[in-house]
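To start, the structure itself, in structure tokens.
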Amino acid sequence: MTLQQLHYVITISEMGSFNKASEVLYIAQPSLTSAVQELEKELGIVIFSRTRKGVTLTNDGLEFINHARQLYQQYEILLDKYGKGGTLKKKFGISTQHYSFAVKSFVEMVKKFNTAEYEFAIRETRTREVIEDVSTSRSEIGILYLSDFNRKVIMKLLRTNNLEFHKLIECKPYVYLWKGHPLSKQKSNRFEQLADYPCLSFEQGDNGSFYFAEEVYSTNEYLRTIKANDRATMLNLMVGLNGYTLCSGIICEELNGSD
0 MTLQQLHYVI TISEMGSFNK ASEVLYIAQP SLTSAVQELE KELGIVIFSR
50 TRKGVTLTND GLEFINHARQ LYQQYEILLD KYGKGGTLKK KFGISTQHYS
100 FAVKSFVEMV KKFNTAEYEF AIRETRTREV IEDVSTSRSE IGILYLSDFN
150 RKVIMKLLRT NNLEFHKLIE CKPYVYLWKG HPLSKQKSNR FEQLADYPCL
200 SFEQGDNGSF YFAEEVYSTN EYLRTIKAND RATMLNLMVG LNGYTLCSGI
250 ICEELNGSD
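Here the sequence shown stands for residues 0 to 258, where the numbers follow numbering that gives the first Met the number 0.
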């Protein structure tokens with residue numbers, strides 16, 4: 000097993016395709032396939048399952064990749080520090096569900112440090128990936144939402160990955176509407192009033208269950224639903240289609256705007 004092979008399988012897992020990975024790595028696909036097969040033979044496991052859509056990690060592959068990422072990251076740190084012309088920067092990353100308050104807090108934190116000495120990163124991503132990022136040391140902190148409904152599943156997943164949960168704040172559920180929405184002037188809304196408008200939620204991927212949903216009342220049946228990948232798209236859907244979403248009452252007007 001070589002560091003080059005680790006780099007190959009990590010890139011394949013990130014790209015989800017041998018073809019795309021070969022383009023990024025500037026290596027012929029047959030050579031890449033051969034290198035992975037040699038590694039799988041040496042380890043005695045199958046790392047990837049091939050499908051029509053690309054590749055996915057097997058259970059053995061997922062466990063191996065988690066360790067491989069940590070090992071390769073340590074190699075990169077050594078290379079940055081001791082390699083030719085290397086200058087090591089301290090790294091700090093946060094992975095979070097789609098919360099503007101997390102971005103606001105991140106901004107305030109970064110202002111307190113010299114960005115020339117640190118390599119900062121904030122990643123707005125899916126629930127499972129928040130957990131994976133922290134468990135593989137890609138990020139130091141993950142921010143996610145717990146409720147009575149998803150608590151057992153999320154906590155079990157955290158324990159499996161040797162992670163701890165520390166509560167930041169307790170929040171009540173709110174319906175988010177833009178200020179021009181027909182229902183925005185009301186102090187409260189009933190579900191039957193919202194039925195005429197699309198319920199917006201963040202996509203959690205093919206393997207995402209409703210336990211990973213970022214929105215409250217995720218198990219309810221909604222007549223009209225639209226999924227989005229990022230906050231900007233979500234806000235545009237709220238304005239363009241009078242959509243709504245159900246979430247905590249924490250919002251940063253400075254970043255989200257006053258609409």
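The beta-carbon is built from N, C-alpha and C at its ideal position, and this holds for glycine as well. Being a predicted model, the structure only gives us computed values, none of them experimental.
Query	Result
Local conformation of K171 per DSSP, three classes	coil
Reduced DSSP secondary structure (H/G/I, E/B, other) of A120	strand
Spatial neighbours of A34 in its chain, beta-carbon cut-off 6 Å, leaving aside the 5 residues before and after	Q4, Y7
Whether Y144 touches Q96 by CB criterion (9 Å)	yes
Straight-line gap, F119 to E191 (C-alpha atoms, nearest Å)	44 Å
8 Å Cβ shell around T10 - same chain, five flanking residues per side excluded	A20, V23, L24
Three-state secondary structure (DSSP) of R49	strand
Burial state of L61, where buried means 16 or more other Cβ atoms lie within 10 Å	exposed
Segment contact, 8 Å Cβ cut-off, at least three pairs: the segment 147-154 with the segment 173-188	no
Residue nearest to S94 in terms of C-alpha spacing, selected from C198, Q203, R122	R122
Proximity below 9 Å, CB of A115 to CB of I142	no
Proximity to E213 [Cα-Cα], best of L31, T244, N188	T244
The alpha helix (DSSP H) enclosing S30, as first and last residue numbers	28-42
Y81 - DSSP class collapsed to helix/strand/coil	helix
3 or more residues per run - each beta strand (DSSP E) lying fully within the segment 127-186	140-142, 172-175
Three-way DSSP call (helix, strand, coil) for F63 in this model	helix
Three-way DSSP call (helix, strand, coil) for T1 in this model	coil
Nearest candidate by alpha-carbon position, reference K90, set S138, R49, F47, H66	S138
Span of the beta strand (DSSP E), counted from its first residue to its last, around F201	198-201
Three-state secondary structure (DSSP) of L56	strand
At least three beta-carbon pairs within less than 8 Å, the segment 228-241 to the segment 165-173	no
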